[in-house]
Structures are given as C-alpha cells and as structure tokens.
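Residue numbers (full-length UniProt numbering): 1 to 284.
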Amino acid sequence: MSYLDKVRACNAWDPGEFIPWTLAGERIGSVRPGFAQELRRWPEQFRVEAYRVDWAGAPDGFQARTRVLAEVVQTLVETGLIYPQHGEAYAVTPGRRDQARCLIDRAAAPWFGVRAFGQHLNGFVRTGGGIELWVARRAANRLVYPLHLDNLVAGGLPHAVTLRDNLRKECREEADIEPALADRAEPVGAVTYCRGARDGLKPDVMYCYDLELAPDFVPRCTDGEVESFTRLPLAAVAQLVRDTDEFKLNCNLVVIDFLVRHGGIDQEDPDYLPIVQGLRSCLP
Numbered sequence: 001m002s003y004l005d006k007v008r009a010c011n012a013w014d015p016g017e018f019i020p021w022t023l024a025g026e027r028i029g030s031v032r033p034g035f036a037q038e039l040r041r042w043p044e045q046f047r048v049e050a051y052r053v054d055w056a057g058a059p060d061g062f063q064a065r066t067r068v069l070a071e072v073v074q075t076l077v078e079t080g081l082i083y084p085q086h087g088e089a090y091a092v093t094p095g096r097r098d099q100a101r102c103l104i105d106r107a108a109a110p111w112f113g114v115r116a117f118g119q120h121l122n123g124f125v126r127t128g129g130g131i132e133l134w135v136a137r138r139a140a141n142r143l144v145y146p147l148h149l150d151n152l153v154a155g156g157l158p159h160a161v162t163l164r165d166n167l168r169k170e171c172r173e174e175a176d177i178e179p180a181l182a183d184r185a186e187p188v189g190a191v192t193y194c195r196g197a198r199d200g201l202k203p204d205v206m207y208c209y210d211l212e213l214a215p216d217f218v219p220r221c222t223d224g225e226v227e228s229f230t231r232l233p234l235a236a237v238a239q240l241v242r243d244t245d246e247f248k249l250n251c252n253l254v255v256i257d258f259l260v261r262h263g264g265i266d267q268e269d270p271d272y273l274p275i276v277q278g279l280r281s282c283l284p
C-alpha cells in the first residue's frame with residue numbers, strides 16, 4: 001500500500017454510474033439511476049430522465065424547498081430505502097455553503113449526492129524527538145468505521161453554523177478542548193474528495209486545522225464517540241496511514257495533508273505530485 005493508494009481509494013467513483021440532480025439549471029447533486037426511479041413517486045416534483053433528474057416542481061423559497069425535500073426523505077426512510085435521519089441539516093448547494101438552495105438531513109445527503117462539509121483537526125506536540133500527533137480511536141458503537149483511528153477532532157459542519165463555532169463545539173465534545181484553546185487552531189486549507197458508496201456519492205469538503213498542544217495536554221472525549229486517545233511520533237502515524245487500514249478512510253487524507261505540509265513526504269517521491277493533486281479533487 002501507499003499514500004497514493006489511500007488518496008485514490010477516497011476518489012474511487014465512476015461518473016457513468018451517476019446522473020445529475022438539477023434545480024433551475026444548476027447541478028446540486030448526483031444520483032444513481034436506480035435511486036432516480038424511486039423519485040418517480042413524486043411526478044409533481046421530479047422530472048426523471050435517462051440523463052438527469054430535474055427538480056422541476058421545486059417551490060420558490062428556501063424554506064418551502066427544505067420542507068418538501070424533508071417530506072420526500074421521510075417517506076423514503078419509512079419505506080426502508082434510506083437510513084433514519086440524523087436531525088442534522090446540511091446545505092444543498094451547487095458550490096459553497098452560503099449558496100444553499102435548501103437543506104437536507106445529513107443521513108440522506110449521499111443518496112442525493114449532495115456536497116457535504118466537515119472540519120478535521122490535527123492536534124500535535126513538538127518534542128525533542130520531533131512532532132508527535134494525537135490520534136483518536138473511534139468507539140465500538142460507531143455505525144461507521146467502529147474502532148478505527150481518527151483525527152483528534154473531526155465532525156460534520158451543519159448549515160448556518162459558523163466554522164469557528166462548529167470547531168469550538170467539536171473540540172469540546174470530542175477532545176475536551178476549551179474554546180480559548182480551540183481558537184488557536186490554525187486554518188491550513190481544505191481537502192476535497194469524491195467517492196462512490198453503496199448509498200450514493202460523497203463529494204465532500206473537509207476544512208483542515210493544525211493545533212499545537214502543550215506536552216502535558218491530554219484529550220478527553222465527552223460525547224462517547226471516542227474510545228481512547230494515543231500520542232504517537234509522526235513517523236509512526238505515517239506508517240499506519242501508508243501501510244494499514246487502521247484509519248477511517250477520509251481521515252487518511254487529513255494526515256497525508258499534514259505530512260505534505262510538514263515535510264513528512266519528500267518532494268522527490270515519485271508520487272508526490274499525484275498525492276498533492278489528489279488531495280484537492282474536483283467535485284461534480
């Protein structure tokens with residue numbers, strides 16, 4: 001295995017297996033043709049064609065579209081087609097979060113191929129032997145990647161919550177990092193990837209942060225999502241990412257981005273440019 005393998009795994013999808021979901025001429029998502037057929041239940045809303053699904057009957061207004069889409073999603077949940085809702089609202093957008101045309105529950109976002117946003121934070125310590133990273137081990141009851149390794153802090157970014165406020169919340173819940181310390185996190189860019197999954201498509205954006213921590217800082221999970229934390233030398237974390245499947249898949253990208261920025265991947269590496277380019281994939 002290699003770093004590039006992990007980048008490619010996060011970008012494994014076939015555009016030919018999806019058709020655009022459009023609203024007023026804008027692509028706001030991507031759906032599998034089989035799922036598109038399920039939307040024929042609402043002919044007054046969706047015009048289903050071989051090459052796209054057009055939300056032709058969408059009402060005017062943000063709130064009205066959100067309400068109609070929520071009713072559609074709830075019916076699909078009740079029929080057992082998609083997962084129960086999380087109660088966390090994500091933007092349905094052709095691009096940025098502030099361009100949201102309506103909202104969709106987080107659980108339904110992949111089915112509609114909606115762009116999802118999140119925040120991931122690398123917590124690190126400088127020692128005499130070099131940089132060490134704090135990594136989390138996800139709790140056994142996690143529905144996705146139970147007991148896998150994770151970034152120190154990672155979470156979804158709901159609509160209408162600022163980046164600063166959401167990062168503060170995630171830091172407090174996942175690692176007991178106080179707001180004043182969370183505010184010292186350095187925004188270092190964003191990682192994008194697009195991956196096909198059983199439940200649809202994940203064209204995701206992860207805002208990334210570095211937070212230098214004191215040697216005596218010890219994280220503590222307060223929301224039950226993390227089983228334990230371990231502080232490891234950067235080389236050991238790099239080996240876990242490169243040679244194992246211990247990390248939750250998309251968290252590999254956040255660590256690889258950290259390695260690129262901190263000299264952990266040599267520029268002479270023949271995979272260097274494909275890795276760097278793969279961390280910023282174009283999203284449909």
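We treat Cβ as the ideally placed atom computed from N, Cα and C, and that holds for glycine.
Residue of the options minimising C-alpha distance to residue i
i     : options                          : result
Leu69 : Val255, Lys248, Tyr90 and Gly200 : Tyr90
Cutoff 8 Å; reference residue i; Cβ partners in own chain excluding five residues on either side
i      : result
Asp105 : Ala70, Val73, Gln85, His86, Gly87, Glu88, Ala89 and Tyr90
Residues of its chain near residue i, where Cβ-Cβ distance is below 7 Å and the 5 sequence neighbours each way are ignored
i      : result
Arg195 : Cys10, Asn11, Ala12, Trp13 and Lys202
Tyr51  : Ile19
Arg254 : Note on residue identity: the sequence assigns Val, not Arg, to residue 254. Closer than 7 Å at Cβ, skipping near neighbours: His120, Asn122, Asn151, Val191, Met206 and Cys208.
Chain-order list of residues whose beta-carbon lies under 6 Å from that of residue i (same chain, five-residue window excluded)
i           : result
Pro215      : Val125
Thr230      : Val135
Ala175      : Leu152, Val153 and Pro219
residue 285 : Because the chain spans 1 through 284 in this model, residue 285 falls outside it and cannot be assessed.
Alpha-carbon to alpha-carbon, residue j and residue i
i      : j      : result
Trp134 : Leu211 : 10 Å
Phe35  : Phe112 : 9 Å
Asp266 : Tyr83  : 42 Å
Phe247 : Gly224 : 18 Å
Tyr207 : Leu279 : 12 Å
Thr79  : Val31  : 18 Å
Gly129 : Tyr209 : 23 Å
Arg27  : Leu103 : 15 Å
N-terminal and C-terminal residue of the beta strand (DSSP E) that residue i is part of
i      : result
Ile131 : Gly130 to Arg138
Val226 : Val226 to Pro233
Leu211 : Gly200 to Glu212
Asp269 : It is not in any beta strand (DSSP E) - Asp269 carries neither H nor E in the DSSP assignment.
Gln119 : Ala116 to Thr127
Any non-hydrogen atom of the ligand ADP within 7 Å of residue i CB
i      : result
Val161 : This structure lacks the ligand ADP; in fact it carries no ligand of any kind.
N- and C-terminal bounds of the alpha helix (DSSP H) containing residue i
i     : result
Phe62 : Phe62 to Glu78
Tyr3  : Tyr3 to Cys10
Inter-stretch contact at 8 Å, needing at least 3 Cβ pairs: the stretch 213-220 / the stretch 232-244: Touching, no, given that fewer than three Cβ pairs across the two stretches are closer than 8 Å.
Segment contact, 8 Å Cβ cut-off, at least three pairs: the stretch 108-124 with the stretch 151-165: Yes, the stretch 108-124 touches the stretch 151-165.
Cβ contact (3+ pairs, closer than 8 Å) linking the stretch 245-264 and the stretch 173-191: The answer is yes - the stretch 173-191 touches the stretch 245-264, with three or more Cβ pairs under 8 Å.
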